[in-house]
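Numbered by my numbering, the letters in the sequence shown go through residues 33 to 188 in order. Worksheet: the structure to be examined is printed underneath.
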Amino acid sequence: MAEARTKYRLNNPEKVSRANLFAEVTSVFGPHIQILPSSATDRVTHWICTYFDGNVIHVYDSLPSVGGLTSEQINFLRKLFPHQPRVIYEQPQQQQNAYDCGVFAIAFAVSVANGLNPVSQNVCTRLLRPHMITIFQNKSIEPFPTEISYTALKKK
């Protein structure tokens, strides 16, 4: 049944309501990375990254003016982490437009997956989408280029 739901979502993304995005939850007690949607309407309008390190949930939001976690996100995290760990709102790099939240959320998740702290990363924004393509093409989750690494590459 779950496989059929997943196929439906992949083939009919426009018919997936925000309620469905939070419907299925399995409790987690160890380290876990989760990208969460939020919305002001029935459509997703913003994405954030959360990371549970085993003790604390770290929230990485490239657009904190949105106002913190929504009630849907809080309820989802309560189901995901029934032991209700403390939540810390981190201060990662901020997006400079109204549409990069998804790639920033992915960049934050990739940083954490590679043992890096998203707060100390300053990703090269013009390479966000090209790097996403590289990740898919190479089937390898490599950290996103930072401004420092990109500047060093240009000088070579």
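Every residue gets a Cβ at the ideal spot worked out from N, C-alpha and C, and that includes glycine.
Proximity to Ile180 across Gln128, Thr157 and Val135 peaks at Thr157, based on C-alpha coordinates. Counting along the chain, the unbroken beta strand (DSSP E) around Arg118 starts and ends at Arg118 to Tyr121. Phe84 is positioned such that its CB atom lies closer than 9 Å to that of Gly62. Within a 10 Å sphere around the beta-carbon of Tyr131 sit fewer than 16 other beta-carbons, which makes this residue exposed. By the C-beta density criterion, Ala137 is buried, having at least 16 other C-beta atoms within 10 angstroms. Judged by pairs of C-beta atoms under 8 Å, the region 88-97 touches the region 119-126, as three or more such pairs exist. DSSP, read as helix, strand or coil, puts Gln153 in coil.
Residue environment analysis places Ala145 among the exposed positions, since fewer than 16 neighbouring C-beta atoms fall within 10 angstroms of its C-beta. The closest CA to that of Ala139, considering only Arg110, Ser59 and Ile80, is found on Ile80.
Beta-bridge partners assigned by DSSP to Val60: none are found.
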